[in-house]
Amino acid sequence: MQQVLTLCAAPGALTADTLGTALRLLQEAGATAGDPSWLAPGEAADIPFDAPHPAQVLTRLRDGLADHPVDVNGGPAKGRRKRLLIADMDSTIIVGESLDELAEYAGIRDQIAAITARAMRGELDFEGALRERVGMLKGLPASTIDTVVDGLQLTPGADVLVATMKAAGAYCALVSGGFKPMTGAIRLRIGFDEDRSNTLHVADGVLAGTVGEPILGRDAKLAALKELCAAQDLPLEAALAVGDGANDLAMLGAAGMGVAFQAKPAVRDAAGFRIEHADLRGLLYLQGYKAEDFAVPPAAA
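Whatever position you read off the sequence shown (first residue = 1), add 579 for the working numbering.
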């Protein structure tokens, strides 16, 4: 069959009853469905199907399963496994926003976090909002950066995602509107091939309140996707992009598989794929990987 419906959830939350409901909804939508197959028992499953209008079927399934704690995604069976991963960092690969963590040490977390939230929802110009927030941190000891780096927490599944895709031969890049000390640390920690991000200016041991130009924002993320695909001699269809904020929308829309991960509503609604209940291993399930295919992250080996 030409299409695949993938259901994934938190461990133990995907039940046989949910699979049965999905099969019924597929039939009611006029699709021809095959037998479900578990990618991870109780967590993820595939259902192959054919339908004249797959996008309409997916909408029907999402509406029909809205009360179930499950992520509902679908796409062509051909070319599911991607050969390039381009990932946002803040609130995607790591928990929370690194700039907000810096603001905690300046005593202005609430003020900066409010601006961050509006920028990620697309209510503010990303570049302007970044300059404003960095300006508010002027005078903060530069050593605070190292403290924040040491406290960065990975989103569950991030290390398995990168390790598995690299083991399968994919190129993995971290492309962030955050800052180089943080992206560099995360690159080394879980094995990204490269990282791209912004530069915080430091003078006399304190933050200068300015950021290097040009700022890596929405347009730069899209450009990075295209550059990375060209460098790897890959079409955009072979790329998987993941992010949560409005500055990720362009790259999510251009990649062959653009995944909104626990994203802001506008981003979730615009993206072709969405993960809200599963962790980052859900991106592997979307590509048809089974749990037994997952690679052991370097730190856990």
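Note that CB positions come from ideal geometry on N, CA and C, so glycine has one too.
Annotated as proximal: MET668 and MET761, with beta-carbon spacing under 8 Å. DSSP places SER670 in the coil class of the three-state scheme, outside both helix and strand. The C-beta distance from ALA825 to LYS843 rounds to 7 Å, short enough to fall under 8 Å.
If you draw a 10 Å sphere on the C-beta of MET580, you find fewer than 16 other C-beta atoms in it, and that means exposed. The residue from VAL739, GLY714, GLY658 and LEU831 with its alpha-carbon nearest to that of ARG768 is VAL739. Here LEU663 carries a strand assignment [DSSP, helix/strand/coil]. Secondary structure at GLY861: helix, using DSSP grouped into helix, strand and coil. Each of ILE694, LYS717, ARG700 and VAL728 was checked against the Cα of ALA708, and the nearest Cα belongs to ILE694. Rounded to whole angstroms, PRO814 and ILE687 show a C-alpha spacing of 44 Å. Residue pairing by DSSP places ARG853 opposite ALA839 in a beta bridge. Looking at the DSSP output, GLY654 sits in a beta bridge with VAL583. Look at THR611 here: in three-state DSSP terms it is strand. By the CB criterion at 8 Å, LYS800 and LEU618 fall outside the cutoff.
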